[in-house]
Each structure stands twice: as C-alpha cells, then as structure tokens.
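Going by the numbering used here, the first residue of the sequence shown is number 5, and it counts up by one from there.
Here the structure comes first, spelled out in structure tokens, and everything after it is commentary.
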Amino acid sequence: MARVRKPESYTNSIITPIYQNTAYYYDDHKTYVKALHEGSITKGRYGRYHNPNWEEVEGRLAQLDEAEDCLLFPSGMSAIYSTLMAFAKSQSCFATTCYLYKNTRRVFENLDKLGFKTLILDNSDLSELMISLDQVSQDINLLFLEIPSNPHLYLADIEKIKKLLEPDTLLVVDSTFASPYNFKPCLWGADVVIHSCTKYLNGHADVVLGSVAGKKEAIDKIRNFRNINGVIPSPRDVFTLGQHLKTFNLRMESLNASGQKLTEFLNSHPLVSKVYYLGLDSHPHRELSKKYFTNGYGGVVTFELKLSKRETSELIDNLKIPYIASNFGSAETYIEQLAPFTYYYLSEEDRKSLNITDSLIRLSIGFNDPVDSIIDDIDCSLARYIATEVH
Numbered sequence: 005m006a007r008v009r010k011p012e013s014y015t016n017s018i019i020t021p022i023y024q025n026t027a028y029y030y031d032d033h034k035t036y037v038k039a040l041h042e043g044s045i046t047k048g049r050y051g052r053y054h055n056p057n058w059e060e061v062e063g064r065l066a067q068l069d070e071a072e073d074c075l076l077f078p079s080g081m082s083a084i085y086s087t088l089m090a091f092a093k094s095q096s097c098f099a100t101t102c103y104l105y106k107n108t109r110r111v112f113e114n115l116d117k118l119g120f121k122t123l124i125l126d127n128s129d130l131s132e133l134m135i136s137l138d139q140v141s142q143d144i145n146l147l148f149l150e151i152p153s154n155p156h157l158y159l160a161d162i163e164k165i166k167k168l169l170e171p172d173t174l175l176v177v178d179s180t181f182a183s184p185y186n187f188k189p190c191l192w193g194a195d196v197v198i199h200s201c202t203k204y205l206n207g208h209a210d211v212v213l214g215s216v217a218g219k220k221e222a223i224d225k226i227r228n229f230r231n232i233n234g235v236i237p238s239p240r241d242v243f244t245l246g247q248h249l250k251t252f253n254l255r256m257e258s259l260n261a262s263g264q265k266l267t268e269f270l271n272s273h274p275l276v277s278k279v280y281y282l283g284l285d286s287h288p289h290r291e292l293s294k295k296y297f298t299n300g301y302g303g304v305v306t307f308e309l310k311l312s313k314r315e316t317s318e319l320i321d322n323l324k325i326p327y328i329a330s331n332f333g334s335a336e337t338y339i340e341q342l343a344p345f346t347y348y349y350l351s352e353e354d355r356k357s358l359n360i361t362d363s364l365i366r367l368s369i370g371f372n373d374p375v376d377s378i379i380d381d382i383d384c385s386l387a388r389y390i391a392t393e394v395h
C-alpha cells in the first residue's frame with residue numbers, strides 16, 4: 005500500500021488534540037537533516053523522545069515555575085528517582101532531610117545499595133539545619149529538600165542554603181505541597197523543582213503525573229535519562245493535565261482561603277493540641293513562610309488531637325464529608341490518621357522520632373466542599389468528646 009500523507013487542514017484547533025502515536029514521518033531526507041542534525045525545524049522522531057502534548061504542557065509548567073525548561077514523568081516518584089539517577093556518579097553523596105514524604109525517604113535510605121552515600125538531616129529546626137549543612141556542604145553532590153515537608157509543613161531557607169553549597173552542588177526542591185501558585189523555588193536558587201502533578205496542578209484525582217522544571221542544562225541531563233530509560237507519561241494523561249491547568253489559579257485561590265479558615269477554627273478548638281499550617285503564627289517556620297510564599301499556604305492542614313488512638317479513629321469514622329484516603333489538592337476532601345494509615349509499617353519508636361503521634365491527622369480540603377460545611381462536620385464529631393470530658 006502506498007504511503008498516504010496526513011491531512012493538516014485542522015491544525016488550527018484551539019485545543020491541541022491527543023497525539024496517541026509512536027512515530028513521526030519526514031517528507032524527505034532534507035527535512036530530517038534540518039530537524040535532527042541542525043535543529044532548525046521542530047519535528048518529532050519517535051514516541052519515547054517527543055510528543056506534542058508533552059511539549060505543550062511542559063512549556064506551560066515551565067512558565068508556572070518560572071523555569072527555563074520542564075519535563076513530564078508518569079508520576080512524582082519517577083520524576084524524583086530519574087532526577088537523582090541522572091546526576092548520580094560513582095561515590096556520589098546525596099543529602100536530604102528526615103521530615104519528608106515517606107517513599108522519598110525510602111529512596112534515599114536505599115541508595116547505599118547502589119553505591120551512593122546518603123546523609124539525612126533534621127529539618128525541624130532551621131538553625132540546626134544550617135549548622136548541619138555547613139558541616140557537610142563540601143561533601144555533598146546533591147541536596148534534596150521538600151518544601152513544605154509532608155506532613156508537618158516544615159520549610160528551609162533555600163536562598164541561604166544555595167549560598168552555602170558548593171557551586172557545582174545541585175539543589176533540588178520538591179514543592180508539591182506549595183504548588184507554583186504559592187512558591188517558586190527557581191527564583192530563590194533551586195536548580196530543579198519537582199512536583200507531583202497528581203496533586204494541586206492537576207487537581208481532579210484522575211491522573212498520576214510528575215514534573216521536573218529548572219535550568220536548561222540540568223533538564224537536558226534529565227531528559228537524556230528519560231530518553232534512555234523510557235520513563236514517559238501517557239499523552240492522554242498529559243492532555244487531561246493540560247485541560248485542568250486552565251483552572252489552576254482559581255482552585256488554588258479557593259484552597260488557600262479555605263485552608264486558612266479551617267486552620268483558625270482548629271487552632272481555637274479545646275480538643276486540638278497542635279496545628280501545623282504555615283498561615284498560623286504558632287508554626288515554627290511562620291516567619292520564613294512570609295519570605296517565600298506569595299499567595300497563601302494551600303489546602304492541607306495537619307493537626308493533633310487531645311484524644312487516644314482509638315478515639316481519633318472513631319472521630320474520623322463519624323465524619324460525613326471527608327473520604328478516608330491519601331491524596332490532596334482535588335475536588336474531594338480527604339482525611340487520614342497518619343500513624344495507622346500512612347506510617348503503620350514503622351515501629352512506635354520510629355514514628356515517635358518523626359513526630360507522628362497516634363492522634364495526628366492530615367486533612368486535605370476539596371475545592372468542591374464548602375469549608376464551613378467541613379468545619380461543622382468536624383465540630384459535631386468533636387462535640388461528643390467534649391461532652392465525655394465534662395461528665
């Protein structure tokens with residue numbers, strides 16, 4: 005069968021269609037020389053290297069992060085691992101902090117099996133973190149920070165840290181819990197910023213994706229790793245992300261306002277012993293948040309109750325609105341009792357070292373749920389325990 009030229013009469017579509025394909029053709033050898041050898045024209049080559057949906061959304065994400073370039077990955081964790089491996093050398097020393105997403109910590113704890121050295125530093129105290137980094141700054145090749153951290157929302161002063169590091173030490177920041185709407189690490193010295201796009205950026209709990217944005221030189225190196233290893237996202241998922249990004253600013257504005265209001269309610273409740281939210285003066289890193297965060301602090305609130313483990317579980321079971329689930333940044337409200345739900349695999353001693361108590365709760369506000377309804381729901385569930393205390 006003779007090859008058939010594809011119709012190009014609909015390339016004026018406002019919305020980029022889904023390019024569910026693996027191969028791209030060239031009219032003649034001059035065309036592929038211009039595309040592949042000279043780079044004077046943009047043409048795809050193969051589905052592991054190029055896809056119009058990727059490139060469009062990557063460009064939009066780079067703009068959001070105010071970065072030079074961006075890459076998409078099939079998940080946030082694949083984005084993290086690919087970044088680490090792209091810069092790994094024999095005897096590399098990677099540093100991170102102890103308060104961060106549990107699976108990210110697991111990656112670092114297992115890097116020694118691959119011949120790399122790992123340092124895990126305490127980031128709950130900003131001054132102590134700077135002292136620790138000063139002592140090891142000449143030894144590390146890459147520093148990975150989660151800002152804010154999961155679930156306590158701790159920060160790090162990346163502007164000061166960048167000045168402390170050696171010029172060739174890569175500073176990587178996972179800013180999933182902030183989103184580019186609230187915090188732009190690249191403007192403060194980060195070489196690379198990572199997001200689990202599954203969360204705030206996509207915002208509808210219907211795709212799993214990750215992104216890596218930053219300086220072009222760094223992104224090119226990570227792109228080479230992606231090309232070789234084939235850690236690529238689905239065009240259909242990327243298309244979905246692109247559509248949801250159109251409401252990103254509106255969603256974040258709503259979640260920021262709701263997060264602040266819920267936090268103020270929790271902070272004043274007699275059965276709440278502690279609230280972790282950067283919009284509260286009681287948060288240990290509140291002053292630093294004023295420096296870096298421009299629009300607000302998101303829709304995730306972590307708080308601790310003056311209840312037992314069993315009572316905390318009962319309270320969550322009695323709530324009407326939140327789903328007991330592990331996610332955030334979407335239309336639905338999610339809640340989890342962290343010790344038995346997320347950190348159940350750790351010993352009681354290890355949980356204590358990470359400040360994960362039996363009554364610690366993480367709640368993610370859904371932008372479709374009125375915050376006043378969420379507050380009423382929590383207030384009603386807590387009321388029975390106030391009555392019990394009185395009697």
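Glycine is no exception: its CB is placed at the ideal position from the N, C-alpha and C atoms.
Quick caveat: nothing in here was measured; it's all calculated off a predicted structure.
- Taking D210 as the centre and dropping the five residues before and after it, the same chain places the C-beta of T244 closer than 7 Å to its C-beta, in chain order.
- Two segments are said to touch when three or more pairs of C-beta atoms, one from each, lie closer than 8 Å; by this definition the stretch 162 to 173 touches the stretch 188 to 205.
- Between L284 and R49, the alpha-carbon positions lie close to 51 Å from each other.
- Contact between the stretch 365 to 379 and the stretch 322 to 337 is established, with three or more Cβ pairs separated by less than 8 Å.
- Residue pairing of I365 in beta bridges, as defined by DSSP: F307, Q341.
- The stretch 141 to 160 and the stretch 92 to 104 touch, with three or more beta-carbon pairs separated by less than 8 Å.
- Under the 10 Å beta carbon count, C384 is surrounded by fewer than 16 other beta carbons and is classified as exposed.
- Distances from the alpha-carbon of L65 to those of N114, A217, L137, T180 put A217 closest.
- Our two residues, A71 and G63, have alpha carbons roughly 9 Å apart in a direct line.
- L275 and L168 have their C-alpha atoms spaced approximately 42 Å apart.
- The residues K38, A39, in chain order, have a CB closer than 7 Å to that of I45 in the same chain once the five nearest residues on each side in sequence are set aside.
- Rounded to whole angstroms, the gap between the alpha carbons of K117 and H248 is 39 Å.
- Residue state for S357 is assigned as helix, using DSSP reduced to three classes.
- In this chain, the beta strand (DSSP E) harbouring F98 covers 97 to 101.
- A direct Cα-Cα distance of roughly 13 Å separates T298 from R290.
- The bridge partners DSSP lists for C74 are A217.
- Around the Cβ of V61, a 10 Å sphere holds 16 or more other Cβ atoms; the residue is buried.
- Annotation: the continuous beta strand (DSSP E) that includes I198 extends over 196 to 200.
- The beta-carbon distance between L146 and F91, rounded to whole angstroms, is 6 Å. This is short enough to meet the 8 Å contact definition.
- Judged by beta-carbon spacing, I369 lies within the 8 Å limit of S262, meaning their Cβ atoms are closer than that value.
- With a contact defined as Cβ atoms closer than 8 Å, F98 and I144 qualify at about 7 Å.
- Sequence-distant Cβ neighbours of R355 in its own chain, meaning closer than 7 Å and more than five residues away, are A343, Y347.
- Take the alpha-carbon of A329 and the one of R230: they are about 31 Å apart.
- Under DSSP, no beta-bridge partner is assigned to D373.
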